[in-house]
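*Asks:*
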Amino acid sequence: MQFSIILIILIGIIALVSTILIGGLGDSNYAKRTKGNLSRLTLIYLVVILVSFGGLALYLIF
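This note's numbering puts the first residue of the sequence shown at 3, with every later residue one more than the last.
1) Which whole-angstrom value is the C-beta distance of residue 48 and residue 21, which I expect to be below 8 Å?
2) What are the boundary residues of the alpha helix (DSSP H) that includes residue 5?
3) Is DSSP giving residue 1 helix, strand or coil here?
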(Lines of atoms letter the chains of each structure in order from A and count residues from 1; the text may use other names and numbers.)
(Lines give C-alpha, C1' and ligand atoms only; values in the text may rest on other atoms or scores of the structure.)
Protein backbone atom coordinates (compact mmCIF):
# COMPACT_ATOMS: atom_id res chain seq x y z
CA MET A 1 0.00 0.00 0.00
CA GLN A 2 2.81 2.40 0.89
CA PHE A 3 4.49 1.69 -2.45
CA SER A 4 1.29 2.66 -4.29
CA ILE A 5 1.03 5.95 -2.42
CA ILE A 6 4.66 6.80 -3.15
CA LEU A 7 4.16 5.89 -6.81
CA ILE A 8 1.08 8.13 -7.10
CA ILE A 9 2.89 11.05 -5.48
CA LEU A 10 5.91 10.54 -7.73
CA ILE A 11 3.75 10.46 -10.88
CA GLY A 12 1.97 13.64 -9.77
CA ILE A 13 5.24 15.46 -9.18
CA ILE A 14 6.65 14.31 -12.53
CA ALA A 15 3.47 15.44 -14.30
CA LEU A 16 3.59 18.85 -12.60
CA VAL A 17 7.27 19.44 -13.40
CA SER A 18 6.91 18.31 -17.03
CA THR A 19 3.85 20.52 -17.49
CA ILE A 20 5.76 23.54 -16.20
CA LEU A 21 8.77 22.75 -18.42
CA ILE A 22 6.62 22.25 -21.52
CA GLY A 23 4.57 25.35 -20.71
CA GLY A 24 7.69 27.51 -20.84
CA LEU A 25 8.39 26.64 -24.48
CA GLY A 26 7.01 28.61 -27.44
CA ASP A 27 7.06 32.04 -29.02
CA SER A 28 6.70 35.28 -27.03
CA ASN A 29 2.98 35.78 -27.71
CA TYR A 30 2.26 32.23 -26.66
CA ALA A 31 4.33 32.69 -23.49
CA LYS A 32 2.22 35.69 -22.45
CA ARG A 33 -0.98 33.65 -22.66
CA THR A 34 0.69 30.59 -21.19
CA LYS A 35 1.49 32.32 -17.90
CA GLY A 36 -2.19 32.56 -16.95
CA ASN A 37 -2.95 29.07 -18.22
CA LEU A 38 0.03 27.64 -16.38
CA SER A 39 -1.06 29.32 -13.17
CA ARG A 40 -4.55 27.86 -13.48
CA LEU A 41 -3.17 24.43 -14.34
CA THR A 42 -0.86 24.51 -11.32
CA LEU A 43 -3.83 25.44 -9.14
CA ILE A 44 -5.76 22.49 -10.58
CA TYR A 45 -2.87 20.17 -9.74
CA LEU A 46 -2.78 21.45 -6.17
CA VAL A 47 -6.53 21.00 -5.74
CA VAL A 48 -6.40 17.48 -7.17
CA ILE A 49 -3.51 16.55 -4.88
CA LEU A 50 -5.35 17.86 -1.82
CA VAL A 51 -8.58 16.09 -2.78
CA SER A 52 -6.63 12.88 -3.45
CA PHE A 53 -5.01 13.02 -0.01
CA GLY A 54 -8.42 13.67 1.54
CA GLY A 55 -9.92 10.72 -0.32
CA LEU A 56 -7.03 8.52 0.69
CA ALA A 57 -7.43 9.56 4.33
CA LEU A 58 -11.15 8.75 4.22
CA TYR A 59 -10.40 5.40 2.62
CA LEU A 60 -7.87 4.54 5.29
CA ILE A 61 -10.15 5.67 8.12
CA PHE A 62 -13.25 3.84 6.91
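Beta carbons are placed, not taken as given, at the ideal position from N, Cα and C, and that holds for glycine.
*Replies:* Put simply:
1) So it is not a contact: roughly 12 Å between Cβ atoms.
2) 4-25 is the extent of the alpha helix (DSSP H) around residue 5.
3) With the chain represented from 3 up to 64, any question about residue 1 goes unanswered, as that position is not in the structure.
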